[in-house]
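Engineer: In our numbering, the protein residues as written are 56 to 409. Idealized CB from N, CA, C, for every residue including glycine. I have a structure here, written as structure tokens, and I will follow up with some questions on it.
Below, the structure is given as structure tokens:
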């Protein structure tokens, strides 16, 4: 399939694949899989992401999946904390390891004595040395005891980049707090090998991304994953009849899985309140399909934190945040009275999560 896709059809296709036009009656596992994980540096964000996509979502379902270790929270794409199926996290973390290590090179340059592999090995012994999770504070203290003259933040960053560390509960549970504490992935979920590796793992990651976020530019796939040099892979997958090319509304080439339907551009889209850091908004390279640049710029905060986002007619129209009194809404574009009423209904729905 080749051809052109309008901005409106591109928008509707993304929202349809992300279950943001019609909520689904599916397990949280299936929806997390469709999203290829959910950004979780805000420990509560994944709950809101699922609530926007699943009818009658119960936070206790996700709590149970985290506590029984079916789902893990760990640094994955771009070194960002994601919530992901534990077995998918194993192969994706292994695939991304060189990228995460490369991303820590500025920390490595600050080390005066030990090699980064040595720091990582000591960190692994500290974290893997007992049955209980090791807090970030305890890791830093132990590293400083080993190398008192070295910058402890750089050493801790090296350990996080080199080693597959799970952030263990209670952090990441619904309405729970606490600082990060770590276990090694194999210690937390049990030893095992990645389900896929090498070039096929790269292809699998591309397939998963396009299933949930396509059609997409090369830049978007790379920005989301943190991988570089993917254009030849996408071109080869197209030559192998796995992918198709489309021309986007701005003339750029978009790639999609062959056989996946594009949404009807005239599909009506309800108001949706999506989570802080939700990749529907947050992946920068293809953000134009859901947000005008000047509107998005008004959501950026000095401390790098993300508000929740309001989508009206499928596009960024405002922000929301949780407060002690409920959910506070901020319009960034003029909404119609009916849209405001729908925003209020969605806000009450989020507040009722507990």
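Measuring CB to CB, does residue 214 end up less than 9 Å from residue 129?
Structural biologist: In this structure, residue 129 does not lie closer than 9 Å to residue 214 by Cβ.
Engineer: Thinking residue 362 and residue 229 are a contact (beta carbons under 8 Å), I'd like their distance in whole angstroms, please.
Structural biologist: At roughly 19 Å, the Cβ-Cβ gap does not stay under 8 Å, so residue 362 and residue 229 are not in contact.
Engineer: Count the other C-beta atoms from every protein chain shown that fall within 10 angstroms of the C-beta of residue 355, then say buried if there are 16 or more, exposed otherwise.
Structural biologist: Label assigned to residue 355: exposed.
Engineer: Given 8 Å as the limit, is there contact between the region 386-404 and the region 326-342, that is, 3 or more CB pairs closer than that?
Structural biologist: Segments in contact, yes.
Engineer: In this structure, what does DSSP give as the bridge partners for residue 375?
Structural biologist: Paired residue(s): 363, 384.
Engineer: Could you please give me the residues that DSSP links to residue 140 through a beta bridge?
Structural biologist: Paired residue(s): 126.
Engineer: Name the DSSP bridge partner or partners of residue 299?
Structural biologist: Paired residues: 311.
Engineer: Have a look at residue 409 and residue 103 and give me their C-alpha separation to the nearest angstrom.
Structural biologist: So the two alpha carbons sit approximately 11 Å from each other.
Engineer: With a threshold of 16 other CB atoms inside 10 Å of the CB of residue 1, please say whether the residue is buried or exposed.
Structural biologist: There is simply no residue 1 to check, as the chain begins at 56 and stops at 409 in what is shown.
Engineer: At which residues does the alpha helix (DSSP H) containing residue 276 begin and terminate?
Structural biologist: Counting along the chain, the alpha helix (DSSP H) containing residue 276 begins and ends at 273-280.
Engineer: Assuming contact is defined by CB atoms lying nearer than 9 Å, are residue 84 and residue 93 in contact in what I supplied?
Structural biologist: No.
Engineer: Are residue 243 and residue 155 touching if we call contact CB-CB under 9 Å?
Structural biologist: It is not a contact, given that the beta carbons lie outside the stated cut-off.
Engineer: Can you list, in chain order, the residues of its chain with a C-beta nearer than 6 Å to that of residue 385? Leave out the 5 residues immediately preceding and following it.
Structural biologist: Here the set comprises 373, 374.
Engineer: Give me the residue from 159, 110, 247 with the minimum Cα distance to residue 212.
Structural biologist: Residue 212 has its Cα closest to that of 159, out of 159, 110, 247.
Engineer: Does the region 248-261 come into contact with the region 67-79, if we say contact requires no fewer than three beta-carbon pairs (one atom in each stretch) closer than 8 Å?
Structural biologist: Taking 8 Å as the limit for Cβ pairs, the verdict is that the region 67-79 does not touch the region 248-261.
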